[in-house]
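Written below as C-alpha cells is the structure these notes are about.
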Amino acid sequence: MTELTRRGLGRAALAGALTASAFPAIAQDSNPIRIGYSMSLSGGLAANGRSALLAQRIWAEDVNARGGLLGRPVQLVTYDDQSNPANVPSLYTKLIDVDKVDIVTSPYATAMIAPSMPVVMQRGMTYVSLFGAGVNERLKYNRYFSMNVTGDDIKGTYARGFLECTKMLPNPPRTISILAVDNDFAQRAAESVRTLAREYGLRIVYDRSYPPSTVDFTPTVRAIQAARPDVVFFASYPPDSNGILRAVSELRMTAALFGGGMIGPQIAAVQAQLGPILNNLVNWDVYSPEPTMKFPGVDAFQEKYRARAPQEQTDVLGNYLQPYAYAQMQVVEQALARTGKVDQAALAEDMRANSFGTIVGDIRFSALGEWAKERNLFVQFQNITDGDLEKYRKPGTKVILYPPELKSGSLKTPYGAPA
Amino acid sequence: MDPTVSLLLNGIVSGLLLGGLYAAAASGLAVSFGMLDIVNIAHPALMVAGGFAVILIGTALGLDPLLVAVLQAPVFYLLGTGIYRAYNHFFERRGDEALQGLAFFFGVMFIIEVGLVMLFGPEQRFLDPDYAFVTWRLGEIDVPLRMLAPALLAMAAIGALWLFLTRSFTGLAIAAVAQDPEALRLMAVDPVRIKRMAFGISVALAAVAGGALVVVQPIDPSSHHVFIGRVFAICIMGGMASLSGAVMAAFLFGVVENVTATFYGPSWSPAVAFGWLLLVLAVRPQGLFGRAA
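These protein sequence lines map, in sequence, to chains A and B.
Heads up: the first sequence is residues 1 to 419, going by UniProt numbering.
Heads up: the second sequence is residues 1 to 293, going by UniProt numbering.
Shown next, in the form of C-alpha cells:
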C-alpha cells in the first residue's frame with residue numbers, strides 16, 4: 001500500500017511506503033485498485049480524520065495480506081483537505097479526473113462530505129461516506145451510501161434513545177432543557193429532542209443555541225440551572241463539550257437525566273481529562289466495548305489499531321468512528337467482491353440490494369443510502385474514579401442503555417459530578 | 001438574593017474572569033499591533049504554541065502550568081525577536097510591511113498550526129493543576145479557580161509590563177517608537193532595536209497567555225482560531241497603543257459576552273460584544289483610551 005498526501009505529512013507517507021515494502025509481491029503489481037478520498041489531517045477535524053485514516057490503512061493492509069481485491073492490490077490515494085470544505089471539490093475533481101482512481105469514498109463528517117457531492121454526482125461515482133448526517137436527504141443521489149448509525153430520519157429517531165432513558169428514572173421527569181451548538185448535526189439533534197419531548201411528557205424550559213466560538217460556558221450553564229430542568233440535553237462539539245462539563249462541575253449542577261448528543265466524551269483525550277466528571281453522563285455514541293457489541297473482527301481490528309495509535313498520534317482507544325472507518329471500506333470490499341468488477345452502476349446496485357457483514361455488525365442500506373435501521377447508541381459513563389484510560393478498553397465503563405437489543409446495564413441517577 | 005440579581009452578579013463576575021483571559025491574549029497584541037503597527041495575525045497561534053510548550057514542560061517536570069508560562073517567557077522573547085528580524089529584513093525595511101507583512105504573519109500562523117499538528121498530533125492536550133477543579137463560593141457568587149488563577153497571572157504580567165513601559169528608558173522608547181521613530185533616531189536610539197525588543201515582549205506575553213489558556217481549557221493546534229477576531233477587536237476597542245485601554249476593553253468584552261449569554265442566550269454574545277465595538281468606535285473612533293489623531 002502506498003499513501004499519497006499533498007501536505008507533506010511525511011509520517012503517513014513513510015508509513016505507507018514501509019507498508020508497501022512489507023507486501024512486495026502485491027506492491028509491485030502495476031494495476032492496483034485505487035481508492036481515493038480526502039481526509040482532514042490538519043485543522044479542526046484532524047483528530048478524527050487522522051484516526052479514520054489509520055483505520056482505513058489497517059483495512060488496506062488486511063486486504064492486501066489476503067491477496068488484494070479481484071486479484072489486484074489495494075492502494076489508498078489520500079489528500080489532506082485541511083478541515084476546509086472549500087478544498088474538497090477540487091480534491092475530488094483531481095482524484096477522479098487526474099489521478100483516475102477506481103473508487104472514491106468520502107472525507108469525515110457532514111461538513112466535508114456535502115461539498116464533495118456535486119463532483120461525485122457529476123461523474124456518476126458510487127460513494128460510501130463516513131459519518132455524514134442527512135447529506136443525501138435532498139440530493140437523493142442513488143449511488144450514495146452512508147456509514148453512519150443515524151439512519152434516514154434523524155429528526156424522528158436521533159433523540160429517542162435518550163428520551164427512552166427517562167422511562168428508567170424512578171420518578172417521571174417533567175421538564176427538559178436544550179442547548180445546541182450552531183452547526184448542522186447539533187441542530188438536527190436539537191430538533192429531534194424538541195420534536196419528541198412532548199411525546200415523553202416533557203415541557204421545554206430552556207432552548208438555546210450557542211456559537212462554536214464560545215469560550216466560557218459558565219453563564220449559560222447557570223441560566224440552565226436557574227430553569228431547574230429534570231432532564232438536560234446538550235448537543236455540542238469538542239472542545240465545547242469539555243467546557244460545558246467543566247462549568248457544570250464547577251456550578252455543581254445536577255439533573256435526573258443529563259447528557260444528550262455531546263461529541264467529545266467518546267474521545268480518549270477528553271475521557272482522560274474529565275475523569276469522574278463523566279460519571280452518570282448519558283450520551284450518544286456509536287461504539288462501546290460491551291459484550292453486546294462484540295461483532296466479529298472488531299477485537300482484532302482494535303488490537304491492531306491500538307498498537308499503532310500512539311506512534312501515529314491518534315486517539316489511543318479507537319472506540320468511536322475508527323471501527324466505522326474500517327467498516328466503510330469493508331462495504332466497498334464486499335461490493336467489489338460480489339460484482340467482480342469496477343463498475344459504478346453495478347457497485348451501487350449491489351449496495352442497494354445486499355447486506356454487509358462488517359466489524360460494526362450487519363448493515364443494510366435504505367433507498368436514500370442511509371442505514372435502513374438506525375442504531376443510535378446511548379451509553380452511560382459509570383464507575384469512573386480517575387482519568388486512567390485502561391478501563392475504557394473493558395466492559396462496564398460505557399454501559400449501553402439504548403437500544404434495547406444492545407443494552408448492557410442499568411441507568412444510574414442523578415448526574416452530579418464532584419466539583 | 002433575588003435569582004435575577006444572583007444571575008446578573010454571577011454573569012458580571014464570570015465575565016470579569018473571562019476578561020482576564022482575553023486581557024492576557026490581547027496585551028501582547030496591544031504592543032505589536034497597537035504600538036508597533038505590526039498586524040501580527042499569528043499572535044493567537046503563538047499563544048497556543050506557548051500553551052503546548054507549557055503542557056510539554058509542565059508534564060515532564062511536574063510543574064504548575066502558570067509557573068511554566070512565566071519561566072518560558074524569555075525563550076519566547078528570543079523567538080519573537082527572531083521573527084521580527086525576519087519581518088524587518090524581508091518586509092519592513094523595504095516598505096512592504098502592509099500587505100506582504102500581513103501575508104508573512106499569515107504564513108507564520110499556518111506554519112505554527114501545522115508544526116504543532118506534526119509535533120503533538122491534532123488531539124486535544126491538557127494539563128490541569130489541582131486547583132483547576134476548585135470553586136470558591138462567596139455567598140451566591142461562584143469563583144472557579146480555573147478562571148481566577150489565569151486572570152490573576154494576566155493582571156500581574158500586564159502590571160509588570162505597564163511598569164516597564166512607564167518607568168524604564170527602554171519602555172518609554174517603545175512608546176516613543178510607536179509615535180515617531182525618526183525622533184527616536186535623533187536621540188541616538190536605534191528604532192529597529194527598540195521594535196525588536198518590543199516585539200519580543202509581545203511574543204513573551206503570548207507565551208504567558210498560552211499558560212493561562214491551558215488552565216482554562218484543553219487546547220489543540222487549531223484553538224487559536226477562536227481568539228483572532230476577539231483579540232484584534234479588543235485592541236481596537238481599547239484604543240491602539242493603550243495597554244490600559246486593552247485591559248478595560250477585555251473586561252468589557254468578557255462581561256458583555258457573559259451577561260448576554262446569561263439572559264439572552266449564548267448565540268447573542270458575539271453579536272452584542274462586537275456591537276459594543278461598533279458603538280464605541282462610532283462615539284470614539286480612537287477607541288476607549290486612544291488618543292485622537
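Ideal Cβ placement from N, Cα and C applies to all residues, glycine included.
None of the values given here were measured: they were computed from a predicted structure.
The stretch 360-370 of chain A makes contact with the stretch 140-152 of chain A: 3 or more CB pairs, one atom from each, lie closer than 8 angstroms. When DSSP reads this structure, residue 284 of chain A sits in a beta bridge with A:378. For residue 153 of chain A, the secondary structure class from DSSP, reduced to helix, strand or coil, is coil. Excluding its 5 nearest sequence neighbours in each direction, residue 76 of chain B has C-beta neighbours in its own chain below 7 angstroms: 50, 203, 204, 206, 207, listed in chain order. Taking one beta carbon from each stretch, the stretch 236-244 of chain B and the stretch 275-286 of chain B have 3 or more pairs nearer than 8 angstroms; the two touch. Under the DSSP definition of a beta bridge, residue 209 of chain A partners with A:180.
Rounded to whole angstroms, the separation of the alpha carbons of residue 177 of chain B and residue 47 of chain A is 44 angstroms. Interface with chain B (8 angstroms Cβ-Cβ cutoff): residue 251 of chain A is included.
C-alpha of residue 136 of chain A to C-alpha of residue 7 of chain B: approximately 44 angstroms in a straight line.
Taking C-beta separations shorter than 8 angstroms and ignoring five residues to either side along the sequence, the partners of residue 248 of chain B in its chain run 238, 288, 289, following chain order. At a cut-off of 8 angstroms, the C-beta of residue 140 of chain B has no neighbouring C-beta in chain A. Take the alpha-carbon of residue 63 of chain A and the one of residue 404 of chain A: they are about 34 angstroms apart. Distance between residue 213 of chain B and residue 26 of chain B, taken at the CA atoms: about 12 angstroms. For residue 261 of chain B, the nearest beta carbon of chain A is closer than 8 angstroms to its own beta carbon. Listed along chain A, the residues sitting closer than 7 angstroms to residue 126 of chain B by beta-carbon distance are 273. Residue 243 of chain A reaches chain B at 217, counting residues in chain order whose Cβ is nearer than 8 angstroms. Inclusion of residue 242 of chain A and residue 274 of chain A in the CB contact set at 8 angstroms is warranted, their separation being smaller than that value.
When secondary structure is reduced to three states using DSSP, residue 102 of chain A falls in the coil class, being assigned neither helix nor strand. When only Cα atoms are considered, residue 285 of chain B and residue 17 of chain B end up about 27 angstroms apart. The beta carbons of residue 112 of chain A and residue 128 of chain A sit about 14 angstroms from each other, so the pair does not count as a contact at 8 angstroms. Residues of chain A whose Cβ lies closer than 8 angstroms to the Cβ of residue 65 of chain B do not exist, since the nearest Cβ in that chain is about 13 angstroms away. With respect to chain B, the C-beta atom of residue 177 of chain A has no partner C-beta closer than 8 angstroms. Per DSSP, reduced to three states, the secondary structure at residue 316 of chain A is coil, with no helix or strand assignment.
Note on geometry: alpha-carbon atoms of residue 149 of chain B and residue 157 of chain A lie some 44 angstroms from one another. Contact between the stretch 310-322 of chain A and the stretch 249-257 of chain A is absent: fewer than three C-beta pairs spanning the two stretches fall below 8 angstroms.
When C-alpha distances from residue 200 of chain B are compared across B:23, B:52, B:86, the shortest belongs to B:86. Check the Cα spacing between residue 114 of chain A and each of A:409, A:401, A:89: the tightest is with A:89. Using beta-carbon distances, residue 42 of chain A counts as an interface residue toward chain B, with a partner under 8 angstroms. Segment contact: the stretch 115-125 of chain B against the stretch 179-190 of chain B, fewer than three CB-CB distances shorter than 8 angstroms; contact not assigned. Residue burial annotation: residue 180 of chain B is exposed, with fewer than 16 other C-beta atoms found within 10 angstroms of its C-beta.
Residue 243 of chain B is outside the set of residues whose beta carbon lies under 8 angstroms from a beta carbon in chain A.
The beta carbon of residue 222 of chain B sits closer than 8 angstroms to some beta carbon of chain A. Under the DSSP assignment, residue 398 of chain A falls in the beta strand (DSSP E) whose first and last residues are 398-402. Around residue 329 of chain A, the same chain offers 56, 59 as residues with beta carbons nearer than 6 angstroms, after the five sequence neighbours per side are excluded. Contact annotation: the stretch 93-109 of chain B does not touch the stretch 246-262 of chain B, with fewer than three C-beta pairs closer than 8 angstroms. Counting only unbroken stretches of 3 or more residues, no beta strand (DSSP E) element lies wholly within the stretch 228-263 of chain B.
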